[in-house]
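Numbering (UniProt numbering), first residue to last: 1 to 752.
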């Protein structure tokens with residue numbers, strides 16, 4: 001044995017111990033956790049004032065229900081258990097006060113308007129069944145109610161126009177399973193291996209062809225994950241117009257391109273061998289190709305966003321403050337996310353910005369698909385707001401807000417984490433310039449914006465609703481669509497109406513149209529609408545008259561009437577359309593906010609259609625009208641089930657009234673054509689499926705207000721760019737070298 005070997009081993013062990021000690025020590029020197037620092041939030045209004053727009057809280061909803069139960073003199077059944085022949089409360093929402101009352105309170109020192117609720121009731125158990133809307137108040141202890149139905153709609157709302165309750169869907173499903181399907185046992189068993197659990201039904205709308213109809217096509221799918229793309233070829237038309245469910249009946253049946261009188265005739269034809277059967281391969285419960293389960297294991301974490309010193313915005317009840325912005329937010333049961341009293345630098349620029357409707361029109365050679373025109377407001381864009389998944393639907397560190405609603409129930413429900421608010425670094429400059437001519441400098445501003453988001457899941461569609469606030473005074477309204485594509489059973493000439501996306505699955509062509517209400521108050525309530533654009537003019541060069549120059553010049557036009565301000569969907573619209581104030585900026589220009597629309601909409605349904613007036617808002621990419629309390633929304637939840645006699649027809653809003661120096665509202669429609677393709681399997685991505693609008697200051701300020709942002713960067717060639725006092729970016733290794741304090745992941749969406 002070598003006598004030096006023990007010493008060599010000892011030295012080696014010492015080196016290893018030293019290295020391990022260094023590693024442990026270095027691990028102990030990890031970056032500290034990020035801690036919120038006090039930050040300045042400009043005060044631009046009282047939180048108590050913003051509560052004039054606040055959604056109802058659960059206690060207020062309970063009080064409204066109790067009042068109605070005790071004071072209407074009729075029995076009210078829980079809507080979740082109601083039959084069509086019952087009386088029930090369909091929904092309760094806040095009744096936003098009239099604008100004049102609110103402005104007297106906010107700006108004129110007037111009294112706070114009484115807080116009221118709007119209750120929608122179905123009266124099926126009376127000689128003249130109808131839908132009635134009551135305003136109930138004052139909250140929190142109501143003592144009065146008044147019927148506002150005739151005042152709002154010019155007459156009673158017929159009962160057949162009522163949106164379907166969940167209980168009616170359940171009753172229809174029971175009818176299909178126990179009555180309709182019972183008439184074709186051999187066909188269902190041998191073709192679909194039907195066992196009472198392996199199919200699901202999806203309804204279509206509207207329900208018929210004329211006022212009073214309540215006939216719905218039900219498309220049959222395999223009962224698997226992502227069933228929307230697993231049609232089996234069978235569709236059943238059910239007449240459920242009677243308030244007596246025992247009188248419901250099958251009106252027609254469709255299977256693999258052929259129509260049958262009812263399920264009895266289908267069964268007879270099958271037993272006699274007179275049917276061309278196309279058996280669909282049975283899918284596993286996870287849906288196979290439609291499964292959302294990732295096909296690859298999770299690897300390294302994706303990039304995350306965090307706030308080194310805490311959020312730079314504040315959320316107090318229903319008010320948000322951020323970088324000179326302030327606004328109140330809410331969630332309508334029918335129309336979803338909405339904003340009120342939007343101010344920048346303390347001055348109101350918009351009284352209301354809200355979603356109005358989301359509509360889709362389908363094409364197919366199957367009856368369910370070809371007759372579908374969904375108006376999602378009637379189902380409830382706000383009612384079906386989804387719980388948000390932290391770190392995916394919104395940044396992990398976003399502020400998450402619960403919302404509450406009372407719909408088809410006697411008790412309010414909480415939608416946990418259904419709205420999120422966050423500041424987002426968009427990863428690009430809002431503005432910048434690098435100068436290497438004459439002088440050498442760099443100036444820029446990071447594009448960091450505040451986002452308010454909710455996501456609605458209505459059936460197969462998911463809508464990501466954003467309102468975004470930029471530091472230059474611009475506001476963006478944006479919607480991204482995802483979810484599953486609707487499908488039909490592929491047969492015959494199906495490829496005229498979409499693409500084949502699986503063995504027997506036709507991805508149906510459809511248009512999507514989204515309508516917004518934008519009540520701008522630019523420099524005050526009274527505004528005018530002005531259009532700026534360009535035209536080329538030919539001129540002789542003054543210094544060389546024999547030469548011709550083509551130069552663009554500015555064109556200007558005041559749009560005096562509603563007819564002039566109604567721009568058809570595919571028509572040419574002036575590229576600069578703006579609300580002009582009665583005041584001017586330092587340079588003598590009318591202060592304004594420009595409307596810029598992002599849309600690649602498909603064609604509007606022909607106006608000759610018997611149902612077109614119900615969706616006539618979609619005729620226009622932009623229509624500007626006088627604001628009227630009696631025209632609060634561009635459509636109605638009752639239009640879905642009776643589009644042939646629409647309760648609200650937007651086309652009637654446009655009657656050539658003057659719009660110069662008036663309180664104006666912009667009705668904006670953005671949309672897109674979706675032709676589903678193989679990459680929509682398993683479901684549709686948001687990329688490329690984003691539309692909306694921008695509201696941009698146009699001579700509203702004397703210069704870009706973002707120059708006053710604390711995030712600005714400027715340095716010259718003569719300065720030390722590594723010094724924090726010169727360049728705040730140089731401080732980031734110190735000020736932002738911390739680990740975010742992410743709360744534990746939770747999700748209560750399946751309990752909602």
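A virtual CB, placed ideally from N, CA and C, is assigned to each residue, including glycine.
Residue 186 by DSSP, collapsed to three states: which one?
helix
Name the one or two DSSP bridge partners that residue 158 has.
130
Assign residue 409 to buried or exposed, taking buried as 16 or more other Cβ atoms, counted over all protein chains shown, within 10 Å of its Cβ.
By the 10 Å Cβ count, residue 409 comes out buried.
Tell me the start and end of each unbroken alpha helix (DSSP H) in the stretch 359-416 that is at least 4 residues and wholly inside, in chain order.
Runs of the alpha helix (DSSP H) inside the stretch 359-416: 367-370 and 376-379.
How is residue 552 classed by DSSP in three states: helix, strand or coil?
strand
Do you know how far the Cα of residue 680 is from the Cα of residue 388?
22 Å
Using 10 angstroms around the beta-carbon of residue 600, count the other beta-carbons present and answer buried if the total reaches 16, otherwise exposed.
exposed
Beta strand (DSSP E) containing residue 112: first to last residue?
First-last for residue 112: undefined, no H or E at that position.
Whole angstroms is fine: what's the gap from residue 690's alpha carbon to residue 465's?
10 Å
Residue 229 versus residue 269: straight-line alpha-carbon distance, rounded
27 Å
By the 10 Å Cβ neighbour count, where 16 or more other Cβ atoms means buried, how is residue 259 classified, buried or exposed?
Residue 259 is exposed by the Cβ-count criterion.
For residue 830, count neighbouring C-beta atoms within 10 Å of its own C-beta (all shown protein chains included) and say buried if the count is 16 or more, exposed if not.
No statement about residue 830 is possible, as the shown extent of the chain runs from 1 to 752 and does not include it.
How is the beta strand (DSSP E) around residue 68 delimited, first residue to last?
Per DSSP, residue 68 is not a residue of any beta strand (DSSP E); the alpha helix (DSSP H) it occupies stretches across 58-71.
Can you give me the start and stop residues for the beta strand (DSSP E) that residue 166 sits inside?
It is not in any beta strand (DSSP E) - residue 166 instead sits in the alpha helix (DSSP H) that spans 166-175.
Is it buried or exposed, residue 549, if we count other Cβ atoms within 10 angstroms and call 16 or more buried?
exposed
Apart from the five residues on each side of it in sequence, which residues of its chain come closer than 7 Å, Cβ to Cβ, to residue 223?
The residues are 197, 198, 199 and 200.
Could you check which residue in 488, 624, 619 and 604 has the C-alpha nearest to that of residue 563?
624
For residue 735 and residue 308, which I take to be in contact (beta-carbon distance under 8 Å), what is that distance rounded to the nearest angstrom?
6 Å
Contact under 8 Å by Cβ, residue 117 with residue 92:
yes
Opening and closing residue of the beta strand (DSSP E) in which residue 235 lies:
Segment 231-239, the beta strand (DSSP E) holding residue 235.
To the nearest angstrom, how far is the alpha carbon of residue 589 from that of residue 340?
27 Å
Inter-residue spacing [alpha-carbon to alpha-carbon] between residue 437 and residue 717
12 Å
Through-space distance from residue 714 to residue 747, alpha-carbon basis:
43 Å
Quick check on residue 74: buried or exposed, where buried means 16 or more other Cβ atoms within 10 Å of its Cβ?
Counting Cβ neighbours within 10 Å, residue 74 comes out exposed, since fewer than 16 surround it.
How many Å lie between residue 87 and residue 78 at the Cα?
9 Å
Residues near residue 468 in its chain [Cβ-Cβ closer than 6 Å; skip 5 each side]:
449, 451 and 476
Along the chain, where does the beta strand (DSSP E) containing residue 629 start, and where does it finish?
That residue, residue 629, is in no beta strand (DSSP E); it is neither H nor E in DSSP.
Skipping 5 residues on each side, what residues in its chain have a beta carbon closer than 7 Å to that of residue 333?
91, 93, 380, 382, 383, 405 and 407
Which partner residues does residue 533 have in the DSSP bridge list?
555
Per DSSP, the bridge partner or partners of residue 325
322 and 344
For the stretch 231-240 and the stretch 484-492, state whether three or more C-beta atom pairs, one from each stretch, are separated by less than 8 Å.
yes
Which residues mark the beginning and the end of the alpha helix (DSSP H) in which residue 263 is found?
263-271
In the DSSP output, which residue or residues are listed as bridge partners for residue 331?
For residue 331, which the question treats as bridged, DSSP gives the partners 337.
Anyone know if the C-beta pair for residue 668 and residue 622 falls short of 8 Å?
The answer is yes: Cβ separation under 8 Å.
Taking residue 68 and residue 120 to be in contact with their CB atoms under 8 Å, please state how far apart those CB atoms are, rounded to whole angstroms.
The distance from the Cβ of residue 68 to that of residue 120 is about 11 Å, inconsistent with a contact at the 8 Å cut-off.
Under a Cβ-count criterion, where at least 16 other Cβ atoms within 10 Å of its own Cβ denotes burial, should residue 27 be classed as buried or exposed?
At residue 27, the pLDDT of 42 sits below 50, so the modelled position is not reliable and the matter cannot be decided from this model.
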